[in-house]
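Quick notes on the structure that follows.
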Amino acid sequence: MVSPLLLPTEEEKGLLEELAALAQERGLYEEFYRHVALLKDSPALEEIFSDPQRFAALKEKISSFLVDFLAAPSSAEILARTEAVARRHLEVGVSPARFQEGLFLLWHILYRELGAREKVPKRRGTLRILLTRLIFWLSLRVTGVYFVLREENLAEALKELETLNRIYALLREINLLIFEEREDVHRLLERACEIMVRVGGFALAWVALNRPPSPEVEIAAAAGETAYLEDFEVSADPERPSGQGPCGLSLREGRPVVVGDTRQDPRFRPWAEKSERLGFRSLVALPLSLEGELRGSLLLYARTPHHFTAREIRLLEEIARDLSLGYLHILKTRALEEALFRDVLTGLPNQRYLLAALEHELEIAGHKALPLILVRLDLDRFSALNLELGRVRADALLREIGARLLWLVSNSGTLARVGPDEFAFSYLLDDLSPGALVARVQKALSEPFRIDHEEIRLTASLGAALFPEDGREPEALLDAASLALKEARKKGPGGMAFYSPKVSEKALTHFVLLRDLERALERQEFVLYFQPRIALSSRKVTSLEALIRWQAPEKGLVPPGEFIPPLEDSGLIVEVGRWVIREAARALKELREEFPELRLSFNVSVKQFLDQEVLLSALREALSETGLPGQALEMEITESLLFKVGASGEGLLEEVAGMGLEIALDDFGTGYSSFAYLKKIPARTLKIDYSFVKGLPESREDAEVVMAIVSMARNLGKRLVAEGVERKEQLAFLAGLGVEEIQGFLFARPLPLEEVRLFLRTFDPSKAFW
C-alpha cells in the first residue's frame, strides 16, 4: 500500500515535474558532495571518494535517483529503488543518522533554491510543502529499512550462533570418540556417522572410500536416512555421470564440495529424484586424508537449501581432519603392534606383548589380592607332526590351537605364542582354582582338531607358576613357568607340573580358612572400620567408607586381602555383604545424631551384584530399619565388576539409584570402562585408584594418568575422590587438579566406630592441609 505522503493532489501533480527539473541541475549538489566527501565513518564510502571515477559514478546515481523520485514518487519502480538505495547505504556502513543528515542537506539546498526561483508566494509555499513531504517520507523509509535489516541481521546471527554451537558440540563429541575408539576403524567411522546425525542434526551422514585406480566407491559407514544409499550408484570416474557429483569430485580433488540446492545444481542430477523423496535440499562432501592410496569423503545432507555457511564448512573440515587423524592413529597403532607385539603366523600376541600385559595384570592381581597363574605349554612331538603334515597344514593346526586356547582364556588373561610349538597364557583366578584351570586346558587340547577333513589329536606338556608365590615380576613368573614346563616334560607326553610344592600346602590352608570364615559369621567375629573422606572445598569430613575386618580369636585382626578372596570363592560374601550393609546403616544412623550431614559408602562384590534380589532386599531393609534417606548411602562398585556383569547390571544400578542411593565407581582407571558405558550408568562419583595416587606428584606417568582421569570425569560430569593419599605433596597436586574429595592415611587410617566418632569431633584440618 502506497503511503498517503506520496500521493499528490491534482494541484501537486503538475508541480512534481517542476521539482524533478530543479533536481536535474547538477550545480545544486556541489555543497552536498563537499559535505559527504568529509565523512570518515564508512570505509566503503571513503574508498569511493578517493577514486574520481567511482565518485563521479556515485554523483550520477544520486542525481538520477532524486530526479526520478521527485518525478514519480508513488510508482512501483521508484518504491523498489528506494528500498534498494536504503539497503545499499546501510550495508556499506552508512548509519540512518548519516543518511538523514545527507537528506536534510539535499532538502535544504532544494528548499533554498525554490525560494530564490519561485516569486509567487502561494506557489512557492506549495512546492516547498511537497518537497518537504517527499523528503520526509524518504527519511522514514530509510529508517524503516534500517530496522528491518537489523532484525534480519540479528535473526541471521542467532541462526549462525545456533549452528556454530551445534558444530562445536559435534567437534567435542567426535574428539571424545577418537579418544575412546582406538581399535577398530570401521567402528570409528560408524559411530562418527551416528554422532553427525544425533548431535549435528544432519539427515544423513555417510563415508565413501575409494582406492585408485579403481573407480569403485565403497560405502564404509552410514547413519540417518540410509534408505537413500540402497541401490546407490556413485563412482570416482570423472567420465561417468555418477562420478561427476560431490562425492566423486571430493574424492578426486581432495577438497570440500558443496551442493547449495539439490534441485538446482546440475552436478547432482543423477540423485535428485531420490533426494527429493527423502527431503534433502543441500549437502557437503568433505575429504578424508587416509593411509596410502586410499581416498575418503564424509558426506553430510541437510533438509534446507544453502544450509552450509563458509564458517560451518571450515569447522566441518576440522572435524573431517580430526576423524582422519583418528583413523590413521588406529591403523598405525595396529601396524606397530603387529610388528612389535604380534606373532605373524597365528595373529596372537608374542612373548614381548605377554610380558608387557603381565605388568598391568600383576598390579591388578596384587591390588585385588587375587592369585594369577601363568601357564606355559609345549605341544608334544610337534616336530614329527610338522614333518608328517607339511608346513602349510602344520601352520593351520597352530592357528586352530591358538583359537581354541584364546576361547578358553577369554577376557581373564593374555594368550601368546612364545615359541615354534609353545604357547603361554596368564589367567586371573578370581573364580577358579589352579587345578581346575589346568584340567580345562588339558580337556580343550584333548579334543581332536580337523585340518583338511582329517582329525588330528595331540597332547601338550604344561608348566605353571603362581603369583605372588612363585614370582612378583613378569620375567620371574615366566622363568618359573618355564622351569615347571621342564619338570612336566620329564613326566612324558601330557605331563603337568607346578613350579612350587606350595600349591598343595596352600590348598589345605584354603580349606581351613573357609571353615574358619563360616564360623566367623556365626560367631560375629567380623567388625566394621570406617575411613573418613574429606571435601577439599570445605575441609570437612563429609563421608565415611565402611571397611570389613575379621577379628579372629587366634590370629587377631586379619587384613581384608587374606579373607575377602576366599569369601568370594565360597559365595559366603553374599551373606557377609548383607551383614555389612545392615551394620553400616546402623552405625551411620548413630553417628548422624551428632553429625546430621554425614554420609557413608560401602563396597559390593561381583557375587553380591549377581545375586540381585538379596542385594536389593538388604538395601531396602537397611533403609527401612534405620529411617535413613537413600542419599545418605553410597554403593561402591569396581570397573572389573561392571566388566564381568555386563549389560545385566544396568537394571540393578537403576533400581539402586531409584532408592536414592548414590553410586561410586571404585578403583577407577584399572578396568575397562568406556566413555559410552560410563555415560549410561548412574554413577555420580569416580574414585581414583591408589595405585595411580601413590606415585604423585613425582611420577610423570601417574600424573598423566590422573590428569586424564580428571579430564574424563569433567567431560562426564562426575565427582572425583582420590584414595590412598598419604603425603601433603599428593594432596596439593590433587587439589590443584580440582579433585573434590580425599581419602587416605594423611588424614586417618580406617578406625573402629568409637574412634571414628572421636575423630569427627576433634578433626583439625590445619594439621593436614597447608
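Everything in the sequence shown is counted per my numbering, starting at 253 for the first residue and increasing by one.
Every residue gets a Cβ at the ideal spot worked out from N, C-alpha and C, and that includes glycine.
Inter-residue distance for L588 and H438 is about 19 Å (C-alpha atoms, whole angstroms).
For M959, the closest C-alpha among the options A935, G988 and T937 is that of G988. Under DSSP, A537 forms a beta bridge with V509 and L551. Around the beta-carbon of E543, fewer than 16 other beta-carbon atoms lie within 10 Å, marking it exposed. Within 10 angstroms of the beta-carbon of P304 lie fewer than 16 other beta-carbons, which makes it exposed.
Comparing C-alpha distances from I361 to each of A336, I387 and P1017 shows the shortest one belongs to I387. Non-local beta-carbon contacts of Q803 in its own chain, meaning distances under 7 Å to residues more than five positions away in sequence, involve E777, V779 and L809 in chain order. Counted as a single uninterrupted DSSP element, the stretch harbouring D919 is not any alpha helix (DSSP H) but the beta strand (DSSP E) occupying residues E914 to F920. Counting along the chain, E725 sits inside no beta strand (DSSP E), nor does DSSP assign it H or E at all.
Every unbroken stretch of the beta strand (DSSP E) spanning 3 or more residues and falling wholly within the stretch 472 to 534 is given here in chain order: 509 to 511. One alpha carbon belongs to R741, the other to L796, and they sit about 54 Å apart. For S795, the enclosing beta strand (DSSP E) starts and ends at K792 to A804. Ranked by Cα distance from K970, the first of K939, Q982, L392 and F560 is K939. In the three-state scheme derived from DSSP, where H, G and I count as helix and E and B as strand, Y781 is classed as strand. I625 sits in a strand when the DSSP states are folded into three classes.
Boundaries of the beta strand (DSSP E) harbouring Y679: E674 to L680, taken from the DSSP string. Under a 10 Å Cβ-count criterion, S549 is classified as buried, with 16 or more other Cβ atoms of the shown protein chains found around its own Cβ. Distance from the CA of E299 to the CA of E343, rounded to the nearest whole angstrom, comes to 15 Å. Sorting R563, T514, E570 and E569 by C-alpha distance to the C-alpha of R555 places T514 at the top. Counting only the Cα atoms, L552 lies some 16 Å from A421. Assignment of beta-bridge partners to T1014 by DSSP yields no partner. A straight line joining the alpha-carbon of L681 with that of R702 spans about 31 Å. Taking E888 as the centre and dropping the five residues before and after it, the same chain places the C-beta of S853, N855, A916 and D918 closer than 6 Å to its C-beta, in chain order. Excluding its 5 nearest sequence neighbours in each direction, R651 has C-beta neighbours in its own chain below 6 Å: T598, listed in chain order. Close CB contacts of V826 within its chain, under the 6 Å cut and outside five residues either way in sequence, are with K859, Q860, D863 and V866 (chain order). Around L697, the same chain offers A712 as residues with beta carbons nearer than 6 Å, after the five sequence neighbours per side are excluded. Taking 8 Å as the cut-off, the beta carbon of P522 is found no closer than this to the beta carbon of G500. In the displayed model, D630 falls within a strand according to three-state DSSP. Excluding sequence positions up to five before and after E739, its CB lies within less than 6 Å of the CB of A749, all in the same chain and listed in chain order. The stretch 665 to 683 makes contact with the stretch 620 to 632, as at least three CB pairs between them are under 8 Å. Going by DSSP, K939 is part of the beta strand (DSSP E) stretching over T937 to I940.
The Cβ atoms of G723 and L729 sit closer than 8 Å to each other. Taking 8 Å as the cut-off, the beta carbon of L441 is found no closer than this to the beta carbon of A479.
Separation of the CB atoms of L1005 and F782 is rounded to 7 Å, and the pair is thereby assigned contact status at 8 Å. DSSP, reduced to helix, strand and coil, places Q776 outside both helices and strands of the structure shown, so it counts as coil. Using a Cβ distance threshold of 8 Å, L968 and V977 do not count as a contacting pair.
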